[in-house]
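Visitor:
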Amino acid sequence: MADTRPRRTFAVISHPDAGKSTLTEALALHARVITEAGAVHGKGDRRATVSDWMAMEKARGISITSAALQFVYRDHVINLVDTPGHSDFSEDTYRVLSAVDSAVMLIDAGKGLEPQTLKLFQVCALRGIPVITVINKWDRPGLSPLGLLDEIERQIKLRPTPLTWPVGEAGDFRGVLDRRTGEFVKYTRTAGGATIAPERRMPASAVEADDAEVWAEAVEGHELLTLDDADHDQERFLAGESTPVMFASALQNFGVAQLLDLLLDVAPGPSATPGVDGTIRAVDDDFSAFVFKVQSGMNNAHRDRLAYARVVSGRFERGMVVTHAATGRPFATKYAQSVFGRDTTSVEHASPGDIIGFVNAQALRVGDTVYDGAPIEYPPVPSFAPEHFMSASAGDIGRYKQFRRGIEQLDQEGVVQVLRSDLRGDQSPVLAAVGPLQFEVVEERMKNEFNSPIRFSRLDYQVARRTDADGAVALKGKRGVEVLQRTDGSHLALFVDQWRANVTARDNPEILLEALPAGGS
Ligand SMILES: Nc1nc2c(ncn2[C@@H]2O[C@H](COP(=O)(O)OP(=O)(O)OP(=O)(O)O)[C@@H](O)[C@H]2O)c(=O)[nH]1
Ligand SMILES: [Mg+2]
67 MADTRPRRTF
77 AVISHPDAGK
87 STLTEALALH
97 ARVITEAGAV
107 HGKGDRRATV
117 SDWMAMEKAR
127 GISITSAALQ
137 FVYRDHVINL
147 VDTPGHSDFS
157 EDTYRVLSAV
167 DSAVMLIDAG
177 KGLEPQTLKL
187 FQVCALRGIP
197 VITVINKWDR
207 PGLSPLGLLD
217 EIERQIKLRP
227 TPLTWPVGEA
237 GDFRGVLDRR
247 TGEFVKYTRT
257 AGGATIAPER
267 RMPASAVEAD
277 DAEVWAEAVE
287 GHELLTLDDA
297 DHDQERFLAG
307 ESTPVMFASA
317 LQNFGVAQLL
327 DLLLDVAPGP
337 SATPGVDGTI
347 RAVDDDFSAF
357 VFKVQSGMNN
367 AHRDRLAYAR
377 VVSGRFERGM
387 VVTHAATGRP
397 FATKYAQSVF
407 GRDTTSVEHA
417 SPGDIIGFVN
427 AQALRVGDTV
437 YDGAPIEYPP
447 VPSFAPEHFM
457 SASAGDIGRY
467 KQFRRGIEQL
477 DQEGVVQVLR
487 SDLRGDQSPV
497 LAAVGPLQFE
507 VVEERMKNEF
517 NSPIRFSRLD
527 YQVARRTDAD
537 GAVALKGKRG
547 VEVLQRTDGS
557 HLALFVDQWR
567 ANVTARDNPE
577 ILLEALPAGG
587 S
């Protein structure tokens, strides 16, 4: 049967450590899809959150790869993607931003706007993704609420329009003033924040004496905002001019219900999407979907490779045969799954906004489109300028086959970019990364998942420019540069430093040497 419930598809983004995975967990807890939150303890000894399933993520308490969760809240289907904050993994985060309709941007109340948050915000602005702001960790001492709003307004030029206002300063979080109703939503702590935090809603007249003073301050703040014209305006929000703001403690599960309600009330659902050639695919048109992520290693018991696709238009029914735009070949969708962290279950139907996983669909790559009916192809996801380069080889020559398979898989996932040249041969590809943590992920996964330890040797390059086959020939033998070919066919010229790249470009204007989009810090 067709599921016509409305969809909300969004990414949680921020600088590392602001609490994205903890918030993801809190949202799932609140929607009652999990019964107890894992983030009971701080980093290190906590049990993993549903979204941080990878061994390395559990060990380090950071997110390395984005994770998708689907659940139902009220009468809506929520598709949430928790993204890694670390700039070394920003390619992954950017891929996710190509597949969502809105973003929840977290700000650590103690730290304010941080560099990576700013960068991610700029991507949202560029892509026209409306942003909801959550000021998190209000249970800990932090900045003043007005100071935080001021930072948002000044640094990202977005008008902050708080929908809730904290009752109690940072570190003394009693609840929030719901600015739409004027009520006090009072929170109660639970042990370690592991279960849903009970909340009581009351009119101003029922505020107890204990809370009277902080309540009066909150009311003052709220009135000030109203005078300052900082009330939510749906059109301005959708146009990317303003951002609704909420206050929360993901760890205590405070403010989570308000965020879910807000997403349902104001966040946009799926809408018509343009293809590369400008043709528009309406939401209720024939089925089409866009692959934004490929991941394996989710299940140690059997080899799996999941291609995550966002349904852009039409109704998906498992078993339908669609067209793979990149090859024009038919693609059978028998093994479609819905995804919840590392768990997958067979999915029968999906609607625009949903994220589905295709198991062991070897043909599908990041950026690919599959469609039914009239052809459509969605724009590719950009890959970033790598700034770190390693020559890699099998640590154990006897396991070369595993080595090859592992590198191929990690390449397809985009864990690193893989470059090759005749000169270096297939045995020692060059791995190129936006940030060095990516190499650690490769090292760990090669050893554990592919059973082939890897040996790295650092290459003395810092800059990559895109060139072409003619450029490759022309640059041969020049000093301080080497040309390799990426798996997607493009030629990259690697230079020892920026100076050498600039001089080479200046002295050889006939050679194509194009800068790549910057990704890292
Ligand atoms: N006090 C307090 N701590 C929090 C809160 N939310 C998260 N934390 C803690 O902050 C740390 C980072 O939380 P994560 O949820 O892993 O942060 P993240 O944004 O997902 O981090 P990356 O994915 O690595 O970028 C953990 O120790 C959490 O327990 C909060 O509301 N209050
Ligand atoms: Mg995380």
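Heads up: the sequence shown begins at 67 in the working numbering, then just goes up one per residue. The beta carbon of each residue, even a glycine, is placed where N, CA and C say it ideally should be.
For ALA559 and ASP434, what's the separation of their Cα atoms in angstroms?
Guide: Each residue's alpha carbon lies about 26 Å from the other.
Visitor: Taking the alpha carbon of VAL349 as the reference point, which residue from LEU485, ALA338, PHE382, ASP462 has its own alpha carbon closest?
Guide: Per the Cα distances, ALA338.
Visitor: Within a Cβ cutoff of 6 Å, which residues of the same chain sit near VAL377, ignoring the five residues on either side of it in sequence?
Guide: Counting only Cβ-Cβ distances below 6 Å, and skipping sequence neighbours, we find ALA355, ALA416, PRO418, ASP420.
Visitor: For ligand 2, list every residue whose C-beta falls under 5 Å from any of its heavy atoms, going in chain order.
Guide: With the cut-off at 5 Å, the residues found are LYS86, SER87, SER129.
Visitor: What residues in its chain sit with their C-beta under 6 Å from that of ASP383, if we drop five residues either side in the sequence?
Guide: Checking the sequence, you will find Glu at residue 383 rather than Asp. Cβ within range, chain order: HIS415.
Visitor: Going by DSSP, name the residue or residues bridged to PHE303.
Guide: Bridge partners of PHE303: none, in fact.
Visitor: Would you mind giving the Cβ-Cβ distance between ALA191 and GLU265, rounded to the nearest angstrom? I have them listed as a contact below 8 Å.
Guide: In fact, because the Cβ distance is near 33 Å, the residues do not count as touching under 8 Å.
Visitor: Could you compute how far the alpha carbon of ALA270 sits from the alpha carbon of ILE218?
Guide: Approximately 29 Å, taken between the alpha carbons.
Visitor: Would SER523 be called buried (16 or more neighbouring beta carbons within 10 Å of its own) or exposed?
Guide: Exposed, by the Cβ-count rule.
Visitor: Please identify the residue among ASP343, THR90, MET122 whose C-alpha is closest to the C-alpha of VAL507.
Guide: It is MET122 whose Cα lies nearest to the Cα of VAL507.
Visitor: Thinking ASP148 and SER168 are a contact (beta carbons under 8 Å), I'd like their distance in whole angstroms, please.
Guide: Rounded, the Cβ-Cβ distance is 14 Å, inconsistent with contact.
Visitor: Is it buried or exposed for ASP174, if we count other Cβ within 10 angstroms and need 16 for buried?
Guide: Per the 10 Å Cβ criterion, buried.
Visitor: In this structure, does DSSP put TRP231 in helix, strand or coil?
Guide: Three-state result, TRP231: strand.
Visitor: Can you tell me whether DSSP reads PHE516 as helix, strand or coil?
Guide: Correct three-state label for PHE516: coil.
Visitor: Beta-carbon within less than 8 Å of ARG161's beta-carbon, same chain only, minus the 5 sequence neighbours each way: which residues are those?
Guide: Cβ neighbours of ARG161 beyond the five flanking positions: SER132, PHE358, LYS359, VAL432, VAL447, GLY480.
Visitor: Going by the C-beta, is PRO150 closer than 7 Å to any heavy atom of ligand 1?
Guide: Yes, Cβ of PRO150 sits closer than 7 Å to a heavy atom of ligand 1.
Visitor: Given GLN361, which residues of its chain have a CB within under 8 Å of its CB, disregarding the five upstream and five downstream residues?
Guide: Contacts found: THR131, ARG371, LEU372, TYR374, GLU479.
Visitor: Any idea if ASP409 is buried or exposed, counting beta-carbon neighbours within 10 angstroms, 16 or more meaning buried?
Guide: Counting Cβ neighbours within 10 Å, ASP409 comes out exposed, since fewer than 16 surround it.
Visitor: Terminal residues of the continuous beta strand (DSSP E) containing PHE356?
Guide: Its beta strand (DSSP E) spans residues 354-362.
Visitor: Measuring from the CB of GLN324, is there a heavy atom of ligand 1 at a distance below 7 Å?
Guide: Flag unset: Cβ of GLN324 not near ligand 1.
Visitor: Tell me the residue span of the alpha helix (DSSP H) that contains HIS96.
Guide: First-last of the alpha helix (DSSP H) with HIS96: 86-96.
Visitor: On the criterion of 16 or more Cβ atoms from any shown chain inside 10 Å, does GLY501 qualify as buried, or is it exposed?
Guide: It counts as buried.
Visitor: Does the distance from the CB of VAL562 to the CB of ASP526 come in under 8 Å?
Guide: Yes, the pair counts as a contact, with Cβ atoms nearer than the cut-off.
Visitor: Is the beta carbon of ALA263 within less than 7 Å of some heavy atom of ligand 1?
Guide: Checking the Cβ of ALA263 against ligand 1 gives no.
Visitor: If distances are taken between C-alpha atoms only, which option among ASP536, GLY423, PRO396, LYS203 comes closest to VAL405?
Guide: Nearest option by C-alpha distance: GLY423.
Visitor: Whole angstroms are fine: how far does the CA of SER556 sit from the CA of ASP573?
Guide: Distance between the alpha carbons of ASP573 and SER556: 23 Å.
Visitor: If ASP83 sits next to LEU503, beta carbons under 8 Å apart, how far is it from one beta carbon to the other, in whole angstroms?
Guide: Rounded, the Cβ-Cβ distance is 14 Å, inconsistent with contact.
Visitor: Suppose only complete runs of 4+ residues qualify. What are the alpha helix (DSSP H) ranges in the region 221-285, listed by chain order?
Guide: Qualifying alpha helix (DSSP H) stretches: none in this window.
Visitor: What did DSSP end up calling MET120 once you bin it into helix, strand or coil?
Guide: The answer is coil: DSSP assigns MET120 none of H, G, I, E or B.
Visitor: Buried or exposed, going by whether 16 or more other CB atoms sit within 10 Å of the CB of LEU184?
Guide: LEU184 should be labelled exposed.
Visitor: Starting from GLY423, trace the alpha helix (DSSP H) in both directions and tell me its first and last residue.
Guide: Run containing GLY423: none in the alpha helix (DSSP H); it sits in the beta strand (DSSP E), 421-425.
Visitor: Of the choices ALA440, ASP438, ALA499, whose alpha-carbon is the least far from that of SER457?
Guide: Answer by Cα proximity: ALA499.
Visitor: On the CB-based measure, 16 or more other CB atoms within 10 Å of its CB, does ASN202 come out buried or exposed?
Guide: Classification of ASN202: buried, given that the 10 Å Cβ count is 16 or more.
Visitor: If we count the other Cβ atoms within 10 Å of its Cβ and call it buried at 16 or more, is LYS86 buried or exposed?
Guide: With 16 or more other Cβ atoms within 10 Å, it is buried.
Visitor: Could you pull out every unbroken alpha helix (DSSP H) segment of at least 4 residues lying fully inside the region 481-565, listed in chain order?
Guide: Runs of the alpha helix (DSSP H) inside the region 481-565: 503-514, 535-541.
Visitor: Distance, Cα to Cα, PRO495 vs GLY464?
Guide: In a straight line, the C-alpha of PRO495 is about 17 Å away from that of GLY464.
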